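Take a look at the structure below.
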Amino acid sequence: MKFIRRFSGLSHVSMGFEEKEKLFRIQLKGIVKECALRYVKFNVEGAQEMACRALGASRCTHFAKLMEGSYNKIFELKFDNGAEAILRIPCPVGGPPHWSTASEVATLEFVRQELGIPAPRALSWSSRANSPDNYLGTEYILMEKINGVDAITRWNSIQKAEASPLIKGLYGIDQKLGSLRFSCIGSLYFKEDVEGLPNARSLFSADAEVKEHLKQVGERYRIGPLADRHWWRGDRIEMSLDYGPCMFSSVLHDKRYVTSIYVGDGMASFLTASARNERIWIKYSRLRNGIRQRSLQPKEPEVHYRILELYETVVPYITPKYPFAEPILWHPDISLSNILVPNQGPASIAALIDWQGAFTGPYCSQAVFPAAFAYLGGLIDLGPGVRPPQLPADFESRPEKEQKKLRLHLKFAMRHKYYMFLMSRDPLRLAASQLPHMVALAMLPYWAVRSWSDGWTRMIGKWDTTLLDGQPCPIEFSKEEFRAISKRSDLYNAAVEALNTRLDAGGDGWVPNDHYQIAIGLLERARASWDETESGGPLPYEDGREANTVVGHQKLFQSESDTGKKDLSTDTSTAVALILQRLADSGSVSHTKLHNPLALFDRRRLNFQSQPVGFQTVRGLKPDPPINAANSVQLDI
């Protein structure tokens, strides 16, 4: 019998049918399928009743949609007792609703209560839509409202004294997260939410060096399946795949020397699981729906099978071990839009929001440079190390409008360098950041589960047999096939980059609010003139395709469905190729060095030898200049 609950009209804002429908749906012009994928109907009166009980209020006086995110609907609620709250409801494309919701609530509680990281408090939540005590009929999280604005609102205007608390504050949060090692790779849950799961694990291994209070509170939590939506896209959510947790086993540490022995490698398991899952999905989809793709390579699933098998073959040779592979918890998207700061004055961090999909993962792929401070503007040369960036030599001769823009970009570049300086205080993090293949390695599992694209030809072209003990490259193309695919891949990458430059889309579809309508017009003109043969592939922004991202009010629709991925330089094949190419080109990387990054450390203490890790492994690359306090004084952020 369906559970029915009636509510008193006194506790909620009265709404008509059409008003409610506006809450449930998203308006995307001409994109019917995307609208359907983000339609979520729920009991509006029940939501207000639940919130009133959680806030001790008698009546909800305001219930409105605050924003429509890529994977969630966000609502603002106000009450007769002066309280305010934020209600977040996941969309169907946001991943597994139970695991995603339960994990985020547990993660919020853990980082806020146990690590002292500013994060919203969950006031009420339900990860089971059909639970008898769920008033809404869908999964949800009701959170406290944090006063302030997202940091991106103030990023252009804040001055040096106001920006410093933001940059230092995020570094402090990163240090807290990076200091704690977990037992395996997976997402955090409350113990009761993974009860009965045979592979759920304790947060910490028995011999882990953690504070006593963390060991005690750790019993409230468990590490369970990965809640990251990338692993559950489309019909994968209906399949029995390997979602973790990925175990590390028998880690033996000699306290006098920085060494370790791994009987089982959780990071390698994590990386190969993504490939195995995709191979199963390819077989499953071929039987049910047929394969739909926009790849430049041959269309046969057998080809992709071989590619994914190659990926699994290579993983053990490119996976770093201790200490770079130890699991740490990290925020999944440290962007300015997920950092809340006061409306004015020093931009100290009020809260780090949106922990959906967070998981414990390998140190080297988690503790990366935050996107929030990464300068990608291209107008200012960052230069090596933390040497202060400079304005162009011909700055004085530039038009006044251009000078103003360059000064702003110089400020952004300075902030990038300032965070680099802070990172340099942590020897391990600095070492991880200078691994020659770190960026590609961090993205490998995501590109594996989106392997319907090109780039494996680069690996074949640069394969160095010394890397695999003389083994030949296990995948072959004829010279003609190789040249054709390489040419089309390069052509397509160049065309996509040129299009993104014209649209000012940054490569991910997001454009500034005030530029959105202009970008739409430019996109329509590009669509009319785009030639797949001349451009090497399809237009990367497609209307009406089933996908896992959203236009919103400031995002161009970018197809990320299983029909393909638009950027052929950012897939599994190219990632592995870049790693091996950089190592193989040096001619100095042996099987032993690839397996033993700690050979680059002083074994008597965790410290650097004469050059930073990463630069010693690749011949021909010079290390950055020394980083010291004197450099940082010159950084005008």
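Once you know that position 521 of the sequence shown is 520 in numbering that gives the first Met the number 0, the rest is easy, because the numbers rise by one and skip nothing.
Glycine is no exception: its CB is placed at the ideal position from the N, C-alpha and C atoms.
Note that the coordinates shown come from a computational prediction; the quantities given were computed from them, not determined experimentally.
A contact between stretches requires three or more CB pairs, one per stretch, nearer than 8 Å, and the segment 51-67 meets this requirement with the segment 75-87. Nearest C-alpha to A84 among V92, F189, K64 and T100: K64. Residue burial annotation: M66 is exposed, with fewer than 16 other C-beta atoms found within 10 angstroms of its C-beta.
By the neighbour-count criterion, in which a residue is buried when 16 or more other Cβ atoms sit within 10 angstroms of its Cβ, I517 is exposed. Taking 8 Å as the upper bound for CB-CB distance, N337 and G147 are not in contact here, some 12 Å apart.
Three or more Cβ pairs closer than 8 Å define a contact, and the segment 198-206 falls short of that threshold against the segment 396-415. If only complete runs of 3 or more residues are kept, the segment 19-94 shows the beta strand (DSSP E) at 59-67, 71-78 and 83-89, in order along the chain. Only residues of its own chain outside the window of five on either side were considered, and among them F23 and R24 have a CB closer than 7 Å to the CB of Y38, listed in chain order. Distances from the alpha-carbon of G520 to those of L502, T532 and G535 put L502 closest. Three or more beta-carbon pairs drawn from the segment 135-152 and the segment 109-124 are found closer than 8 Å, and the two stretches are therefore classed as touching. Cβ-Cβ distances below 6 Å link A274 to L307, Y310, E311 and A447 in the same chain, with the five nearest sequence neighbours on each side left out; the list follows chain order.
Y188 is bridged by DSSP to R221. For S273, the three-state secondary structure derived from DSSP is helix.
Going by DSSP, E143 is part of the beta strand (DSSP E) stretching over Y139 to E143. DSSP places P361 within a strand segment (E or B) once states are collapsed to three. Annotated as distal: V367 and M266, with beta-carbon spacing of 9 Å or more.
Around the Cβ of H330, a 10 Å sphere holds 16 or more other Cβ atoms; the residue is buried. Look at the beta carbons and you see the segment 93-108 touching the segment 222-241: at least three pairs across the two are nearer than 8 Å. Taken through DSSP and simplified to helix, strand or coil, D234 comes out as helix. DSSP places I116 in no beta strand (DSSP E); its state is neither H nor E.
DSSP assignment within the segment 338-410 yields the following whole alpha helix (DSSP H) runs of 4 residues or more, N-terminal first: 362-365. Residue burial is scored here from C-beta neighbours: T100 has at least 16 other C-beta atoms within 10 angstroms and is therefore classed as buried. DSSP places P164 in the helix class (H, G or I) of the three-state scheme. Per DSSP, the beta bridge partners of W329 are F358. One Cα belongs to P388, the other to D380, and the distance between them is close to 6 Å. With 16 or more other Cβ atoms from the protein chains shown falling within 10 Å of its own Cβ, S432 counts as buried. For Y134, the CB contacts under 7 Å within the same chain, skipping 5 residues up- and downstream, are R4, N42, G45, A46, E48 and M49 in chain order.
In the DSSP assignment, L122 falls within the beta strand (DSSP E) that extends over A121 to S125. Annotation: the continuous alpha helix (DSSP H) that includes T152 extends over A150 to R153. Boundaries of the alpha helix (DSSP H) around G520: Y515 to S528.
Rounded to whole angstroms, the separation of the alpha carbons of I281 and D241 is 15 Å. Two segments are said to touch when three or more pairs of C-beta atoms, one from each, lie closer than 8 Å; by this definition the segment 213-224 touches the segment 171-190. Note on R524: under 16 other CB atoms within 10 angstroms of its CB, so exposed under the neighbour-count rule. With at least 16 other beta carbons inside 10 angstroms of its own, T359 counts as buried.
Sixteen is the threshold: since fewer than 16 other Cβ atoms of the shown chains lie within 10 Å of the Cβ of L196, the residue is exposed. Straight through space, the alpha carbons of A494 and W124 are spaced by roughly 45 Å.
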